[in-house]
Every structure is written in structure tokens, then in C-alpha cells.
Amino acid sequence: MATRGFTGRRPPEATRERLPPGQYLTDDFPVLQIGPNPQIDLAAWRFTLREGARPIKAWSWDAFQALPRTRWGGDIHCVTKWSKFDTAWEGVSFDDLLADAGIAAPTDYLLAEGYDDYTTNVPVADLTGGKAMVATLYDGQPIPLDHGGPARLLVPHLYFWKSAKWVKGLRFTAKDEAGFWELRGYHMYGDPWREQRFTGD
Amino acid sequence: MTDLPWTVWREAVITEIAPVTPRVKRFVLAAGFDGFRPGQHVDVRLTAEDGYQAQRSYSIASAPDGTGTIELMIEGLDGGEVSGFFQEVAEVGDRIELRGPIGGSFAWGPEEGGPLLLVGGGSGVVPLLAMLRHRARAAPEIPCRLIYSVRSRAEAIALDELEVRARDEPGFGLHLLTTREGAGRRIDGAVVAAALADLGIPARCFVCGSNPFVGAASALLLAAGLRPATIRTERFGG
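Quick mapping for you: the protein sequence lines, in order, are chains X and Z.
Counted from 1, the first sequence has number 96 at position 96 by UniProt numbering; the numbering is strictly sequential.
Counted from 1, the second sequence has number 130 at position 130 by UniProt numbering; the numbering is strictly sequential.
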């Protein structure tokens with residue numbers, strides 16, 4: 001259905017090719033979250049891999065800093081419709097976390113858990129092979145608290161609600177269990193190129 | 001009333017347009033759904049003749065009233081692709097695609113109880129307006145305070161209504177702050193303390209506005225001793 005009188009302001013062709021459907025480009029870095037920023041003390045910070053309730057491996061901040069580093073640069077897409085191009089992140093890849101823990105992923109799914117009790121589900125296959133990291137630097141600097149620092153999950157090929165802020169661990173689950181937004185009707189997978197914003201999209 | 005799932009795009013007809021402030025217009029739409037919770041938003045999708053589309057999210061300002069209509073307050077942003085259409089092109093009778101209601105976290109209903117503290121900056125007051133309107137009708141016994149920070153009285157959305165409600169509704173109070181008018185005051189610890197002294201410890205706080213406003217206001221609420229789990233935030237802009 002065409003909207004009477006709407007012509008739109010089309011971005012240049014080079015931009016349009018990089019924008020998933022329904023997205024627009026922003027130069028800002030908007031902040032979206034469900035509540036206040038949590039207060040996180042680096043001395044008490046832990047990152048924990050769990051299978052169900054059972055801890056597999058936990059790292060302190062210093063131990064985490066000693067892990068192999070990975071860089072990723074590219075575009076990120078938020079379900080609230082902004083996209084941001086050429087973002088630069090550094091952290092520890094999911095592959096390197098598993099290697100340091102000395103395990104293969106015990107199940108096919110997991111829930112990322114934040115210090116604010118936020119959760120979001122991601123298939124393991126979307127994290128392995130260099131596709132995701134736990135990032136601690138943005139643009140070469142420690143990630144600001146507003147943007148999920150000291151550490152956030154980065155799964156840039158999915159809508160950004162999957163890249164949990166203030167991440168404190170990953171919990172492997174036997175089945176694909178819905179996280180915070182997924183329980184409220186957001187898509188279980190969230191591929192921006194298929195515009196999977198909500199259940200049924 | 002249609003009973004489509006909220007994720008399905010539907011056509012809504014604009015039934016009313018009126019200026020609210022120099023930058024904000026209100027739009028009443030026959031949306032075809034009524035079962036929403038105050039605080040939720042809708043996604044709006046505009047389509048050009050060649051199929052090019054643009055989407056944006058807008059909070060619902062009205063309380064659910066069984067009529068199947070919703071009210072949006074749309075601020076004209078400089079060079080805004082969608083807000084510009086609403087400011088300059090949209091007319092009564094136009095059909096707009098939308099879907100919703102969306103959002104489960106930033107929403108309030110009487111079942112969540114009170115007291116209820118609302119903190120809004122600029123157009124961030126819109127979803128809070130839905131909450132306080134709903135409270136007045138559905139649960140007037142729940143105490144409620146609104147801290148509303150705006151540049152000037154002329155830019156305050158629904159100011160007449162808010163002042164009438166503060167005068168006439170027992171249990172509702174308004175703390176209006178104008179940042180660029182009179183003495184010019186921003187939200188600070190004293191404002192929060194005054195609202196809390198009035199209200200008691202809120203069971204729920206909702207904070208909405210620009211990113212810096214929400215950051216500052218939530219930090220003040222935490223500093224006043226409110227529990228993080230009781231505070232819900234929504235940030236506009238980007």
C-alpha cells in the first residue's frame with residue numbers, strides 16, 4: 001500500500017545496499033535497555049560458562065584479559081530500526097573461550113546472561129567460527145557502561161538485542177529457550193536481512 | 001474490532017490531527033486494536049510509490065478506552081524522514097500502515113500496583129501520559145507523581161491537562177521543571193526527594209526521554225535508594 005504523499009528520503013545507493021530492510025542509518029550510537037545501568041566492580045567481575053546450572057569455567061577480569069584477542073569491524077543493526085556502519089570492536093571470540101575452557105559446546109543453544117538479569121538466546125552455530133565475541137573494547141577504548149561495558153556479547157549478524165550488554169556469562173541449554181525479549185514476542189532468531197523482528201516475521 | 005496478531009501490519013486511518021506544541025502534533029488513528037498496555041508503542045511504516053519504505057516507532061499517548069483508536073504525539077525532527085511526513089503531509093483520512101502494540105517491559109497496569117513514579121523529559125512524557133491517564137480511570141486509588149522536564153512551558157506536551165489533573169485528581173501530583181525558562185532548573189536530587197516525600201516509596205518507576213536525561217534521572221533515583229529492579233527506562237532518539 002503506497003502512503004499518499006510519501007516520497008521518502010532515500011539514502012545513497014552504496015548505503016542502501018548495506019541497510020537491511022526497514023533500517024535507517026545513524027551516526028549516533030543510541031542506547032536502549034530495560035532499566036538503569038548496573039554497577040559493576042571489575043575486581044568482582046566474573047564471566048562464567050555454564051551448562052544449565054552447573055558452572056563449566058569462570059574467568060576473573062584479569063584472566064579474561066589474558067585470553068587471545070579478536071577484532072571485528074562492520075555494521076550493526078538494532079531492531080528499533082537504526083543501523084550503524086563501520087563499528088570496531090575487540091574482545092575474546094567464542095571459539096577462544098571454548099578452547100580456553102577445554103570443551104566443545106555441550107549443547108546447540110545457549111542463553112547470554114547480563115548483570116542486569118537480562119537474557120537472550122542464540123544458537124551455538126551463530127557464535128562459532130569467528131562469528132561472535134565477548135567484546136571489551138569499542139573503537140579502541142573500554143566499552144562505556146551505557147553501551148554494555150565492561151564486557152558485552154557481540155553477535156553482529158543478528159539484531160543487536162542478541163548482543164547482550166553487561167554480559168556475565170553464557171548458559172548452554174538443551175533446547176532453544178526464549179530470553180527476555182523473546183518471551184515478549186521478539187523473534188527467536190532475529191536475522192536483520194530477513195527482517196525477523198517479531199514472532200511470525 | 002479485528003483481532004489480528006500484533007505482529008501483522010494493518011491499515012489505520014487518521015481521524016484527527018491537532019497541534020500540541022510548536023513542534024509536536026497529535027494524531028488520532030483508528031488502529032483496530034484496543035488491548036494494549038499503557039507505555040507500549042506501535043511501529044509505523046510508510047511506503048512510497050516505488051515501494052521504498054521507512055519505519056519508525058511511536059509511543060501511544062492514549063489509555064485503552066475500548067474505541068479501537070490510539071493517539072500518537074509526533075515531534076517534527078529536523079530533516080526527519082517519517083516525522084516530516086507527519087508534520088507536513090499527513091491529513092485526516094489518510095491511511096497509514098502500523099503494527100503493535102509492541103513492548104512488554106516499559107508498560108504499566110493497575111495490577112502492578114503503586115505508588116507510581118513517572119519521570120519524563122521532553123517528548124519522553126508521551127508513554128507516561130498513557131499511564132497516568134489509565135491510572136485516573138482504572139485505578140485512581142494508586143498514588144502517582146510525574147516529574148516532567150521541558151525546555152519551556154510552551155514546549156510541554158499536554159500541559160493544560162496535566163495541570164488540571166494535578167488540581168482535580170487526589171493522588172496525582174505534577175513536578176514541572178523548565179530548563180530554559182525562568183530560573184531554569186534541571187532534575188536534581190532535591191526534586192526527586194520532594195516527589196518521593198509526597199509519594200512514598202514507589203513500587204514502579206518509569207523514566208523516559210533522551211539518553212542523557214534518562215541516564216541522569218535513573219542515577220538520581222538509584223542515589224535516592226530506589227531498587228534497580230523497580231526502575232524501567234526507555235530512551236528516545238538516535
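Positions of the beta carbon are idealized from the N, C-alpha and C atoms, including for glycine.
Since the structure is predicted, the reported quantities are computational estimates derived from the model, not experimental observations.
Closer than 7 angstroms: residue i CB and nearest the ligand MG heavy atom
i, result
"residue 149(Z)", "Ligands in the displayed structure: none, and consequently the ligand MG is not present."
For residue i, the residue or residues it bridges with in DSSP
i, result
"residue 53(Z)", "47(Z)"
"residue 175(Z)", "147(Z)"
"residue 233(Z)", "207(Z)"
"residue 113(X)", "119(X), 169(X)"
"residue 77(X)", "83(X)"
"residue 12(Z)", "96(Z)"
"residue 198(X)", "186(X)"
"residue 141(X)", "138(X)"
Residue i to residue j span [Cα, whole Å]
i, j, result
"residue 63(Z)", "residue 102(Z)", "15 angstroms"
"residue 121(Z)", "residue 208(Z)", "6 angstroms"
"residue 35(X)", "residue 174(Z)", "23 angstroms"
"residue 145(Z)", "residue 117(X)", "27 angstroms"
"residue 15(X)", "residue 110(Z)", "45 angstroms"
"residue 196(Z)", "residue 204(Z)", "12 angstroms"
"residue 127(X)", "residue 172(X)", "12 angstroms"
"residue 238(Z)", "residue 47(X)", "Summary for residue 238(Z): the model assigns pLDDT 37, below 50, so the residue's position carries little reliability, and this model does not support an answer."
"residue 49(Z)", "residue 3(X)", "8 angstroms"
"residue 28(X)", "residue 137(Z)", "39 angstroms"
"residue 52(X)", "residue 66(X)", "26 angstroms"
"residue 129(Z)", "residue 136(X)", "38 angstroms"
"residue 131(Z)", "residue 162(X)", "29 angstroms"
"residue 130(X)", "residue 224(Z)", "44 angstroms"
"residue 163(Z)", "residue 148(Z)", "12 angstroms"
"residue 43(X)", "residue 63(X)", "11 angstroms"
"residue 118(Z)", "residue 184(Z)", "21 angstroms"
"residue 106(Z)", "residue 230(Z)", "11 angstroms"
"residue 124(Z)", "residue 54(X)", "42 angstroms"
"residue 9(Z)", "residue 195(X)", "13 angstroms"
"residue 25(Z)", "residue 61(Z)", "12 angstroms"
"residue 145(X)", "residue 179(X)", "22 angstroms"
"residue 61(X)", "residue 50(X)", "17 angstroms"
"residue 167(Z)", "residue 116(Z)", "18 angstroms"
Any C-beta of chain X under 8 angstroms from that of residue i
i, result
"residue 7(Z)", "yes"
"residue 206(Z)", "no"
"residue 40(Z)", "no"
"residue 215(Z)", "yes"
"residue 47(Z)", "yes"
"residue 104(Z)", "yes"
Cutoff 8 angstroms: residue i Cβ touching any chain Z Cβ
i, result
"residue 146(X)", "yes"
"residue 109(X)", "no"
"residue 189(X)", "no"
"residue 156(X)", "no"
"residue 40(X)", "no"
"residue 149(X)", "no"
"residue 85(X)", "no"
"residue 32(X)", "yes"
Residue i versus the options, residue with shortest Cα-Cα distance
i, options, result
"residue 21(Z)", "58(Z), 99(Z), 152(Z), 147(Z)", "152(Z)"
"residue 110(X)", "48(X), 175(X), 84(X), 129(X)", "175(X)"
"residue 39(X)", "53(X), 54(X), 170(X), 115(X)", "115(X)"
"residue 148(X)", "139(X), 159(X), 157(X), 164(X)", "164(X)"
"residue 88(X)", "141(X), 150(X), 10(X), 196(X)", "141(X)"
"residue 158(Z)", "9(Z), 18(Z), 14(Z), 10(Z)", "18(Z)"
"residue 217(Z)", "41(Z), 186(Z), 143(Z)", "186(Z)"
"residue 80(Z)", "155(X), 10(X), 188(X)", "10(X)"
"residue 178(Z)", "55(Z), 155(Z), 125(Z), 44(Z)", "155(Z)"
"residue 113(X)", "197(X), 169(X), 86(X)", "169(X)"
"residue 32(Z)", "53(Z), 5(Z), 161(Z)", "5(Z)"
Q | Selection of the segment 11 to 42 of chain Z by Cβ proximity to chain X, strictly under 9 angstroms | A | 11
Q) Residues in the segment 133 to 144 of chain X with C-beta within 8 angstroms of chain Z's C-beta atoms, listed in sequence order? A) Taking 8 angstroms as the cut-off between beta carbons, none of the residues of the segment 133 to 144 of chain X comes near chain Z.
(Q) Using a Cβ-Cβ cutoff of 8 angstroms, what residues of the UniProt region "Disordered" (1 to 20) of chain X are near chain Z? List them in chain order. (A) 1, 2, 3, 4, 5, 6, 7, 8, 9, 10
Q.
Which residues of the segment 185 to 198 of chain Z have a Cβ closer than 9 angstroms to any Cβ of chain X? Give them in chain order.
A. none
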